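Colleague: Number 460 in this note's numbering belongs to position 216 of the sequence shown; there are no gaps in the numbering.
Each residue gets a CB set at the ideal place from its N, CA and C atoms; glycine is no exception.
What you are looking at is a predicted structure, and each value in this text was computed from that prediction instead of being measured.
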Amino acid sequence: MISKTQEISFQNHDGHSLAAKIEFPPDRKPFAFAIFTHCFACNGNLTAAINISRALAAQGIAVMRFDFSGMSEGAPVKPGFSTNITDLLAAAAFLKENFSEPSLLIGHSLGGTAALFAASSIPSVEGVVTIGSPADPKQVKKLVKESIEEIRKKGEAQVTIGGRAFKVGQDFVEELVQKDISQSLKKMRKALLVMHAPFDKIVGIENAKWIYEHAIHPKSFISLDNADHILSKTEDSNYVGEVVAAWASRYLPDHSSKTLQSDLEVVVNLDPEHKYTTLIKAGTHYLTADEPESVGGDDFGPSPYQLLSSALGACTAMTLKMYSDRKKWNLGEVRVHLHHDKVYTEDQNETLQDGEKKRKIDVITRQLELSSELTPTQRERLLEIANRCPVHRTLEKSIRIDTGMLEVDTPDQ
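1. Short of 7 Å in beta carbon distance, which residues of its chain neighbour N295, apart from the five on each side in sequence? Order them along the chain.
2. Which same chain residues end up closer than 7 Å to T609 when comparing Cβ atoms and leaving out the 5 residues on each side of it in sequence?
3. Can at least three beta-carbon pairs, one atom from the stretch 258-275 and one from the stretch 443-456, be found at a separation below 8 Å?
4. From I350, T621, T619 and G304, pick the residue whose C-alpha is nearest to that of F310; which is it?
5. Check this for me: beta carbons of L339 and E345, under 8 Å apart or not?
6. Just to confirm, is the Cβ distance from A533 to S553 under 8 Å?
7. Please return the same chain residues whose Cβ sits closer than 6 Å to the Cβ of H458, not counting the five positions on each side in sequence.
8. Which one of T589, W491 and Y456 has the shortest CA to CA distance from I305?
9. Using the Cβ count rule (16 or more neighbours within 10 Å means buried), how would you classify S642?
10. In three-state terms, what does DSSP make of H260?
11. I'd like to check one pair, A362 with I455: are the Cβ atoms closer than 8 Å?
12. In whole angstroms, what is the alpha-carbon distance linking P442 and D469?
13. Using the rule of at least 16 other Cβ atoms within 10 Å of the residue's Cβ for burial, across every protein chain shown, is S297 buried or exposed?
14. Kindly indicate the opening and closing residues of the beta strand (DSSP E) around H518.
15. What do you reckon, are the CB atoms on C559 and P462 nearer than 8 Å?
16. Can you find the residues in the same chain that come closer than 6 Å, C-beta to C-beta, to T374, ignoring five residues on each side of it along the sequence?
17. Kindly provide the ranges of any beta strand (DSSP E) runs that are 3 or more residues long and lie completely inside the stretch 448-473, ordered along the chain.
18. Along the chain, where does the alpha helix (DSSP H) containing Q427 start, and where does it finish?
19. Pull up the DSSP beta-bridge partners for Y588, would you.
20. For L514, which residues from the same chain have a beta carbon less than 7 Å from its beta carbon, with the 5 sequence-adjacent residues on both sides left out?
21. With the cut-off set at 8 Å, would you say A292 and A489 are in Cβ contact?
22. Using only alpha-carbon positions, find the residue among K453, W573, F268 and D258 that is nearest to L333.
23. Taking 7 Å as the line, does the beta carbon of R603 fall inside it for any heavy atom of the ligand FMN?
24. For A441, which of helix, strand or coil comes out of DSSP?
25. I'd like the ranges of any beta strand (DSSP E) spanning at least 3 consecutive residues and lying wholly in the stretch 501-569.
26. Got a sec, what are the start and stop residues for the beta strand (DSSP E) P274 sits in?
27. Pull up the DSSP beta-bridge partners for H282, would you.
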């Protein structure tokens with residue numbers, strides 16, 4: 245499912261405007277809100293931040309991500325760590341006033357440390373997630389030790405952590421030394437998920453151990469295996485988002501009332517608040533359908549005809565795979581490209597007066613992209629098999645659709 249991004253801005257406690265983005269679920273109806281704070285050497289456009297936010301949005305959780313003071317346009321260049329914490333509180337206040345109170349705080353690197361300090365000051369938060377976060381802000385001072393002298397002389401310095409350059413000011417360093425995270429962990433009283441890679445070269449795994457040991461239950465730890473500190477691989481950031489969504493479901497507000505139920509295998513729901521956006525439950529899977537903006541929809545999901553083409557394409561690929569497995573052919577990766585259109589029939593007997601043709605027919609163009617290792621004979625045979633896939637045969641046949649009405653309970657007048 246494709247999430248929708250809304251760009252916003254909000255003011256922090258110092259009156260500075262901070263740029264932010266909210267990643268919404270495809271149907272724009274989140275059951276909960278989260279705040280994602282990225283690593284302080286990064287910004288909200290980091291690929292990992294986007295992937296994690298979208299993975300959560302796909303599960304119905306809207307995610308607000310923003311740049312801390314000093315990284316956002318119009319903000320001061322010399323933020324302190326305390327400013328990072330108050331930025332978080334300001335973001336939570338903005339969500340409460342304009343959307344809904346945040347239920348989840350997610351922080352990457354020092355953003356996670358800031359989340360641990362801020363969590364107890366946001367009553368609505370039920371869970372906190374740290375990703376590769378330092379156990380003690382003082383440890384960040386070690387990462388910038390080569391620039392300490394320059395910071396003392398000039399008040400700030402350009403430092404590089406994890407291959408990313410950013411400015412650090414004197415206030416930032418001094419505040420790091422003064423912060424004590426152990427007291428924040430004791431009074432947090434929120435569910436905690438600690439995620440960390442054992443071979444993180446920027447923030448060592450011992451930080452995760454310290455946070456976990458000093459936190460109060462409920463708490464969980466999940467290893468990120470071979471991921472690097474900034475989660476540069478898409479599969480790592482997607483994994484984080486999916487795991488966080490699953491873990492958070494135990495602590496976030498119950499949204500079972502939104503579950504669609506039916507005695508049939510597929511049920512479709514169109515909420516009156518939307519124009520065409522439609523929620524689909526197929527088996528145990530949820531999908532969102534919509535119409536494109538060009539015809540008045542919101543484009544929150546594929547159109548019905550795109551879903552029809554997708555069904556044919558998926559069935560085609562699966563059928564080719566099953567056949568090749570039986571033949572012990574090395575099929576490799578399969579791609580099926582499709583396009584649906586309505587065209588006038590070329591039958592001249594269908595022509596009406598004024599030269600206009602009477603009838604349009606549905607045409608689905610399907611193109612197979614198969615491994616070059618297949619022989620010409622194999623490719624020709626697979627082309628024949630594609631035309632035998634079950635959905636293809638269903639579409640070519642005359643289909644009977646039986647439509648009826650279900651009884652709906654109406655309130656007493």
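Modeller: If we stick to the structure as given:
1. To locate residue 295, count along the sequence shown from 1; it is residue 51. Closer than 7 Å at Cβ, skipping near neighbours: T478, S481, N482 and G485.
2. Counting from 1 along the sequence shown, the entry for residue 609 is found at position 365. Taking T609 as the centre and dropping the five residues before and after it, the same chain places the C-beta of L582 and H583 closer than 7 Å to its C-beta, in chain order.
3. Contact check between the stretch 258-275 and the stretch 443-456: fewer than three CB pairs, one atom from each, fall below 8 Å, which does not count as touching.
4. For this step, residue 310 is matched to residue 66 along the sequence shown. Looking at the Cα atoms, I350 is the closest of the given residues.
5. Position 95 of the sequence shown, counted from the start, is the residue given in the question as residue 339. Position 101 of the sequence shown, counted from the start, is the residue given in the question as residue 345. The answer is yes: Cβ separation under 8 Å.
6. The count along the sequence shown starts at 1 and reaches residue 533 at position 289. The count along the sequence shown starts at 1 and reaches residue 553 at position 309. It is not a contact, given that the beta carbons lie outside the stated cut-off.
7. The residue you call residue 458 lines up with position 214 of the sequence shown. These residues qualify, in order along the chain: S426 and L429.
8. The residue labelled residue 305 in the question sits at position 61 within the sequence shown. Ranked by Cα distance from I305, the first of T589, W491 and Y456 is W491.
9. Here residue 642 refers to the residue found at position 398 when the sequence shown is read from its first residue. Exposed, because fewer than 16 other Cβ atoms sit within 10 Å of the Cβ of S642.
10. Start at 1 with the first residue of the sequence shown, and residue 260 comes out as number 16. For H260, the three-state secondary structure derived from DSSP is coil.
11. In the sequence shown, counting from the first residue as 1, residue 455 sits at position 211. In the sequence shown, counting from the first residue as 1, residue 362 sits at position 118. Contact flag unset, no.
12. Within the sequence shown, the letter at position 198 stands for residue 442. Within the sequence shown, the letter at position 225 stands for residue 469. Between P442 and D469, the C-alpha separation is close to 6 Å.
13. Locating residue 297 in the sequence shown gives position 53, where the first residue counts as 1. S297 counts as buried, since no fewer than 16 other beta carbons sit within 10 angstroms of its beta carbon.
14. As a working mapping, residue 518 is identified with position 274 in the sequence shown. Unbroken run through H518: none, as it is neither H nor E.
15. Sequence index remark: in the sequence shown, residue 559 carries index 315 (1-based). Sequence index remark: in the sequence shown, residue 462 carries index 218 (1-based). No, Cβ-Cβ distance for C559 and P462 is not below 8 Å.
16. Here residue 374 is taken as the residue at index 130 of the sequence shown, counted from 1. Within the same chain, T374 has close Cβ partners G351, G356 and V438.
17. Entirely contained in the stretch 448-473, the beta strand (DSSP E) runs reaching 3 residues are, in chain order, 463-467.
18. As a position in the sequence shown, residue 427 is number 183, starting the count at 1. That run of the alpha helix (DSSP H) goes I425 to M432.
19. On the sequence shown, position 344 is the one that residue 588 refers to. DSSP output for Y588 lists K604 as bridge partner(s).
20. Translated into the one-based positions of the sequence shown, residue 514 becomes position 270. If we look at L514 and ignore the five residues flanking it on each side, its Cβ neighbours are T522.
21. As a working mapping, residue 292 is identified with position 48 in the sequence shown. As a working mapping, residue 489 is identified with position 245 in the sequence shown. Taking 8 Å as the Cβ cut-off, A292 and A489 do not qualify as a contacting pair.
22. Here residue 333 refers to the residue found at position 89 of the sequence shown. It is D258.
23. Among the components of this structure there are no ligands whatsoever, and the ligand FMN is therefore not found.
24. Along the sequence shown, one-based indexing puts residue 441 at 197. Here DSSP, grouped into helix, strand and coil, assigns A441 to coil.
25. Segments of the beta strand (DSSP E) lying fully in the stretch 501-569: 510-514, 522-526 and 529-533.
26. Residue numbering aside, residue 274 sits at position 30 when the sequence shown is read from its first letter. No beta strand (DSSP E) holds P274; DSSP gives it neither H nor E.
27. On the sequence shown, residue 282 is found 38 positions in, with the first residue counted as 1. For H282, which the question treats as bridged, DSSP gives no partner whatsoever.
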